[in-house]
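Visitor:
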Amino acid sequence: MYDITSKISFIMQKKKDKILELKNDKDKLKRKMYLSFLSFAIPFLWIIQYMERFIPSFTGSSKLFPDIKPIDYIALLLTVTAAMFLYFYTQRYIKTKGKFDTLRHSIMDDIGSMICNCHEQCTCREDFIKEMDEKGIDLIMR
Ligand SMILES: [Zn+2]
33 MYDITSKISF
43 IMQKKKDKIL
53 ELKNDKDKLK
63 RKMYLSFLSF
73 AIPFLWIIQY
83 MERFIPSFTG
93 SSKLFPDIKP
103 IDYIALLLTV
113 TAAMFLYFYT
123 QRYIKTKGKF
133 DTLRHSIMDD
143 IGSMICNCHE
153 QCTCREDFIK
163 EMDEKGIDLI
173 MR
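Numbering of the sequence shown is given in our numbering, commencing with residue 33 and proceeding in unit increments.
1. Can you list, in chain order, every residue whose CB sits closer than 6 Å to a heavy atom of ligand 1?
2. Using only alpha-carbon positions, find the residue among 135, 95, 57, 103 that is nearest to residue 81.
3. Nearest-angstrom Cα distance between residue 114 and residue 66?
4. From which residue to which residue does the alpha helix (DSSP H) around residue 130 run?
5. Please specify which runs of the alpha helix (DSSP H), each continuous and at least 4 residues long, are wholly inside the segment 33 to 102, giving them in chain order.
6. Less than 7 Å between the CB of residue 105 and some heavy atom of ligand 2, yes or no?
7. Is the segment 120 to 134 in contact with the segment 54 to 69, if contact means three or more CB pairs nearer than 8 Å?
8. State yes or no: is the C-beta of residue 111 within less than 8 Å of the C-beta of residue 76?
9. Ordered along the chain, which non-local residues of its own chain (more than five positions away) have a Cβ less than 6 Å from that of residue 117?
10. Can you give me the C-alpha to C-alpha distance between residue 44 and residue 172, rounded to a whole angstrom?
Okay, structure coming up:
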C-alpha cells in the first residue's frame, strides 16, 4: 500500500511490500517443508525398523509378503504421501526463495542510489535498511 506521508519513493514502497509478501510465503513454505519431512521420517523409520516384513518371499508361502501387517501398509502409504508433499513444498520453496533473493538483490542495488524524495541530507536509507532488518530481511549481505 502506498503511504503518501512516507518519504520513501513509490517504487521502493512497492518493492518493500512485495519482498515482505515473498518472505511470508517463504517462511510458510519452510514450515510446511519441515512438517512434511517429519511426516515422512516417522513412518519411514517404522519401515526401517521392520524392514524384514517388507522383504518379499519367493519360497513356500502363496503370499509374496507373508509377514506384512496392516499397519505396515499404512506406514508405507504415509511415507509415500509425505514424500510427495515434501517434494512439492521443496520445489515451491526453492522457487520462492529464488524470487525473494532476486528482489532482495534488486533492492540492494537500488539503495545504492536514491530511494526517497528528500532533497537534502536524510536518514531514509539507514532507516529503511534497519526497518527491513527488523523484519528479517538482510539488505547488507548478498
Ligand atoms: Zn530521505
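Positions of the beta carbon are idealized from the N, C-alpha and C atoms, including for glycine.
Guide: On the basis of the supplied data:
1. Residues with a Cβ closer than 6 Å to any heavy atom of ligand 1, in chain order: 39, 148, 150, 154, 156.
2. 103
3. 11 Å
4. DSSP places residue 130 in the uninterrupted alpha helix (DSSP H) bounded by 102 to 142.
5. 42 to 81
6. Ligands in the displayed structure: ligand 1; ligand 2 is not one of them.
7. yes
8. yes
9. 68
10. 16 Å
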